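If you read the protein sequences in the order shown, they are chains V and A.
Residues 46 to 741 (this note's numbering) are what the first sequence spells out, left to right.
Residues 488 to 648 (this note's numbering) are what the second sequence spells out, left to right.
Glycine is no exception: its CB is placed at the ideal position from the N, C-alpha and C atoms.
Keep in mind that this is a model prediction, so the values were computed, not measured.
Before any comments, here is the structure.
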Amino acid sequence: MPKDSGIGASSKRREDIRFLTGAGNYTDDINVYGQAYVHFLRSDVAHGRIVSIDTDAAAAMPGVVRVFTGADFAAVGGLPCGWQVTDRFGQPMQEPAHPVLAQGKVRHVGDPIAAVVAESPEQARDAAEAISVEIEELPAVVDMKAALSADAPKVHDDLTSNLCYDWGFVEENKDAVAAAFEKAAHVTTLELVNQRLVANPMEPRVAVGDYSRATDESTLYTTSQNPHVIRLLMGAFVLGIPEHKLRVVAPDVGGGFGTKIFHYAEEAFCTFAARQLARAVKWTSSRSEAFMSDAHGRDHVTKIELALDADNNFTALRTETYANMGAYLSTFAPSVPTWLHGTLMAGNYKTPLIYVNVKAVFTNTVPVDAYRGAGRPEATYQLERVIDKAARELGVDPIALRRQNFITQFPYATPVAVEYDTGDYHATMDKLEEIADLAGFEARLAESKARGKLRGLGVNCYIEACGIAPSNLVGQLGARAGLYESATVRVNATGSISVMTGSHSHGQGHETAFPQVVADMLGIDESMIDIVHGDTARTPMGMGTYGSRSLAVGGSAMVKATNKIIAKAKKIAAHLLEASEADIELKDGQFSVAGTDKSVAWGDVTLAAYVPHNYPLEDMEPGLEETAFYDPSNFTYPSGAYACEVEVDPDTGRVTVERFAAADDFGNIVNPMIVSGQVHGGLAQGIGQALLEGAV
Amino acid sequence: MTEIQMTVNGKAVRGTVEGRTLLVNFLREDLRLTGTHVGCDTSQCGACTVHVNGVSVKACTMLAAEADGADVRTIEGMAAADGTLSNLQQAFQDHHGLQCGFCTPGMVMTAAALLKENPKPTEAEVRHYLEGNICRCTGYHNIVKAILAASGQDVSAIAAE
Chain V
46 MPKDSGIGAS SKRREDIRFL TGAGNYTDDI NVYGQAYVHF LRSDVAHGRI VSIDTDAAAA
106 MPGVVRVFTG ADFAAVGGLP CGWQVTDRFG QPMQEPAHPV LAQGKVRHVG DPIAAVVAES
166 PEQARDAAEA ISVEIEELPA VVDMKAALSA DAPKVHDDLT SNLCYDWGFV EENKDAVAAA
226 FEKAAHVTTL ELVNQRLVAN PMEPRVAVGD YSRATDESTL YTTSQNPHVI RLLMGAFVLG
286 IPEHKLRVVA PDVGGGFGTK IFHYAEEAFC TFAARQLARA VKWTSSRSEA FMSDAHGRDH
346 VTKIELALDA DNNFTALRTE TYANMGAYLS TFAPSVPTWL HGTLMAGNYK TPLIYVNVKA
406 VFTNTVPVDA YRGAGRPEAT YQLERVIDKA ARELGVDPIA LRRQNFITQF PYATPVAVEY
466 DTGDYHATMD KLEEIADLAG FEARLAESKA RGKLRGLGVN CYIEACGIAP SNLVGQLGAR
526 AGLYESATVR VNATGSISVM TGSHSHGQGH ETAFPQVVAD MLGIDESMID IVHGDTARTP
586 MGMGTYGSRS LAVGGSAMVK ATNKIIAKAK KIAAHLLEAS EADIELKDGQ FSVAGTDKSV
646 AWGDVTLAAY VPHNYPLEDM EPGLEETAFY DPSNFTYPSG AYACEVEVDP DTGRVTVERF
706 AAADDFGNIV NPMIVSGQVH GGLAQGIGQA LLEGAV
Chain A
488 MTEIQMTVNG KAVRGTVEGR TLLVNFLRED LRLTGTHVGC DTSQCGACTV HVNGVSVKAC
548 TMLAAEADGA DVRTIEGMAA ADGTLSNLQQ AFQDHHGLQC GFCTPGMVMT AAALLKENPK
608 PTEAEVRHYL EGNICRCTGY HNIVKAILAA SGQDVSAIAA E
């Protein structure tokens, strides 16, 4: 029986009302009095030396406030990288400088060279066209293997080569894996390209920098999944503004898919220029600019080998991946093909020996970073494809081959450093076989053939490491950040509640789902609870939304803070009821004394907390507000099995997805409607990559 | 600069625009009707869809001066004066036809135009009509379902989850 409120209910989304009536507040909807507009002049060559920049004509154009070039940023920090990977020889990765505006060289199409600030966006754009830039074009490298050849042009002259790092995981297992391949009864080898994608959230990036001379405070409104992360990175590493003088606001954000995690040059520019000019500066990306300046996703080239014994048990797995970093290291780029990818290579299978090698390469392309799943889908793709190929080579059923090698005992320590807490992969496969009607495929195939069409069936499994991430672990792995989450639960005098979360909602429905949890815990109506997010001035320091972490980590912080609220509220109730705290029960918004008919309502307790006339002031402070930080002890490991059936027209090549079934094990679901919607969107992006998308 | 006047959501408005000012910029910047969104600069995404004289138009492909004298309706004009959602808007909420909300105003305006032309569209007709509106969050499934539901058709047979 579906619930109609609380955990497990498909509560309708409250945020929908503003989005459906045009009342959303996205960053481009924000205009600050007196703001100027910036237009960036971007490189139209992939690699070149800037010989000269003449801005005189542009500066004299109507409405131009100021023209900035790299020289204005010579004394400003570069964009920092948030993760340092150590290579297989124990050495740190090569980490090039990443200037806000190009310093001497341009390294990818779209690299910003200069910026015009003017009274209107049109004037800024017109003047940018009047900047005269002489660029000596240099040979560019775009292919990763070519970039690693000895005579390849170097993307960064001050690095020893275009190799960012050569990573081995687990390096100590390399020889044992090689020995297992020597002994294998069968080896399947597959080479794959996981093509480069552009995330393309529907809302292009926007930044509005503002500055108050009265308080010396800067404010940045930006399209971010994690405003606190931007504040820390930009404040501490780029502009030297301490946190208490810097506020970052990410209001309604129109989708992210990873690409709005990172700290971008345009954010730093607008904040910097606003301070320089003592007026607000706004940048709104065009879609064309987004293709050249948003961090891209994927772009791996992989060779994967699977070793099997005579009974078709997986005995070893080995991969070699080239991962494109692009021209600079975007904020979390180094972690994606390593710790977010190598640790998932066991998948759902009890392969005892695994070795993952990743060579991260600089090329003259747009930087690449986390995109929808970030490293984990890349791992799943390789692993599931090589299993299918092995099944074909061995003439066995691919589902049976998977089932034979499923992990069935939990907790399970993989040979790639993670421990799966729980899972039941046969259960999701059973469910999939049922809902996808896999038994009926042959009949559908015959029917397609009769119409002159081809029909194909693909089945795969997956596991994800979600709820990123235990801080002490990621610290050992090179993260320059903690990955806890925070929440403040502020109960107001009349019983309504504001939950300030460090998570950020940009389509995930937190404003609806998070209150369902708190409402369940307190037994009050969801409508009494509001979520506050996306503003460093209103929320405790939190790490934001990505890596499937908002509910698992942010929600846990909220639960922790709510438990503190309940503990204190019970003390207040005990005082009001003249009973022992141990006897107080909270149910349906009423505090009662166990075994009696004495009770006091939620609102009476909250009022007493703020009007403490009858209150144990000698024992307890007034007020009812609690903050908690939650640092997870492990990842969570959702898993599942998916089936896709397509029909192909052999005359035109047109592919149509005829059937798609997904069986997921997500654990306890707070709002099934929202979760289904997330899966729909993920499927569409996955199908998009499989059939339609690709960037160079 | 050109003087223009038009009716927007039933209200007479006037303004002074450059010849190159797009209708979407006039709506967003001059009239502060920011519900109409700009998702691309290539007329592909449809987030800026509005109605001009009852016909759905991508407001980024029309000059403000071209709309001089026109009757324009935007997402802000779709709910009742007391804030009650229209049948179509309500269907989007009921069937979870939106996530980040950025494409939503355009989706609603396009769907409203469809239902005016074709009050009982088939699923294929809905999908065809939405070809000029891109959504990156939902995979379209629930958008299509919401529009079919708003047309009064039974959607219980369409896979829910």
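Comparing C-alpha positions only, which one of the options sits nearest to residue i?
i: V:S56; options: V:S593, V:A564, V:A481, V:S330; result: V:A564
i: V:L499; options: V:C506, V:A510, V:E487, V:E509; result: V:E487
i: V:D220; options: V:I399, V:V96, V:T72; result: V:I399
i: V:V222; options: V:D482, V:T329, V:V294, V:I349; result: V:I349
i: V:A653; options: V:G668, V:S644, V:D466; result: V:G668
i: V:A252; options: V:R258, V:E262, V:A319; result: V:A319
i: A:A636; options: A:C590, A:A568, A:I621, A:Q580; result: A:Q580
i: V:S338; options: V:F307, V:E438, V:A495; result: V:F307
i: V:V431; options: V:E236, V:E248, V:M603, V:I75; result: V:E236
i: A:L617; options: A:I645, A:T548, A:Q531; result: A:Q531
i: V:E216; options: V:A120, V:R363, V:L277; result: V:R363
i: V:F747; options: A:Q640, A:Q577, A:L601; result: With chain V represented from 46 up to 741, any question about residue 747 of chain V goes unanswered, as that position is not in the structure.
So, at 6 Å on beta carbons, what are the nonlocal neighbours of residue i in its own chain, with the 5 sequence-adjacent residues on each side left out?
i: V:V151; result: S88, G93
i: V:E365; result: K348, N402
i: V:F761; result: Residue 761 of chain V lies beyond the residue range present for chain V, which begins at 46 and ends at 741; the question has no answer from this structure.
i: V:D99; result: S177
i: A:V613; result: V631, I634
i: V:T557; result: S56, R58, R59
i: V:T234; result: E350
i: V:R594; result: G512, I513
i: V:L428; result: G392
i: V:L728; result: none
i: V:T329; result: D73, V251
i: V:L502; result: F486, E690
Using 8 Å as the threshold, is the C-beta distance between residue i and residue j below it?
i: V:V162; j: V:L284; result: no
i: V:T396; j: V:A435; result: no
i: V:G123; j: V:A142; result: yes
i: V:G726; j: A:G619; result: no
i: V:Y416; j: V:T304; result: yes
i: V:A419; j: V:L385; result: yes
i: V:R324; j: V:G79; result: yes
i: V:E692; j: V:S493; result: yes
i: V:Y655; j: V:A582; result: no
i: V:S531; j: V:G547; result: yes
i: V:A91; j: V:N409; result: yes
i: V:Y682; j: V:A510; result: yes
i: A:R507; j: A:E490; result: no
i: A:C527; j: V:G300; result: no
Tell me which same chain residues have a C-beta within less than 7 Å of the C-beta of residue i, skipping the five on either side of it?
i: V:P515; result: D676, P677, S678, N679
i: V:E571; result: S50, S56, P560, Q561, A564
i: V:A391; result: I399, T459, P460, V461
i: V:V519; result: L528
Going along the chain, which residues of its own chain have a beta-carbon closer than 8 Å to the beta-carbon of residue i, five neighbours each way excluded?
i: A:V495; result: L514, L518, L520, V559, R560, T561, G564
i: A:H524; result: A534, C535, F589, C590, P592, G593
i: A:E648; result: In this predicted model, A:E648 has a pLDDT of only 47, less than 50, meaning its place in the structure is not dependable enough to derive any value.
i: V:P412; result: H153, A340, H341, M370, G371, A372, Y373, L374, S375, A378
i: V:D261; result: K290
i: V:S541; result: M573, I574, D575
i: V:R699; result: V693
When you measure from the CB of residue i to every non-hydrogen atom of the ligand FAD, does any distance come out below 7 Å?
i: V:F282; result: No copy of the ligand FAD occurs in the structure displayed, which carries no ligand at all.
Distance cutoff 8 Å, beta carbons only. Does residue i sit that close to anything in chain C?
i: A:Q580; result: The structure shown contains no chain C; its protein chains are V and A.
From the DSSP output, read off the bridge partner residues of residue i.
i: V:H289; result: V:H289 is not bridged to any residue.
i: V:T366; result: V:T347, V:V403
i: V:T681; result: V:C511
Q | Continuous beta strand (DSSP E) assignments of at least 3 residues falling wholly in the segment 146–201 of chain V | A | For the segment 146–201 of chain V, whole beta strand (DSSP E) runs of length 3 or above, ordered along the chain, are 157–163, 177–182.
(Q) So within the segment 443–519 of chain V, which uninterrupted alpha helix (DSSP H) runs reach at least 4 residues, ignoring any that extend past its ends? (A) Within the segment 443–519 of chain V, the alpha helix (DSSP H) runs of at least 4 residues that lie entirely inside it are, in chain order, 443–450, 470–480, 486–495.
Q: Run through the segment 67–121 of chain V for me and flag every whole alpha helix (DSSP H) of 4 or more residues, listed as ranges in chain order.
A: Complete alpha helix (DSSP H) runs here, min 4: 101–104.
Q) What runs of the beta strand (DSSP E), each 3 residues or longer, lie entirely inside the segment 690–738 of chain V? A) Restricted to the segment 690–738 of chain V, the beta strand (DSSP E) segments that are unbroken, complete and at least 3 residues in length are 700–710, listed in chain order.
Q) Mind pulling the beta strand (DSSP E) runs of 3 or more residues that sit fully within the segment 259–333 of chain V? A) Restricting attention to beta strand (DSSP E) runs no shorter than 3 residues, the segment 259–333 of chain V encloses them at 262–267, 291–294, 326–329, ordered along the chain.
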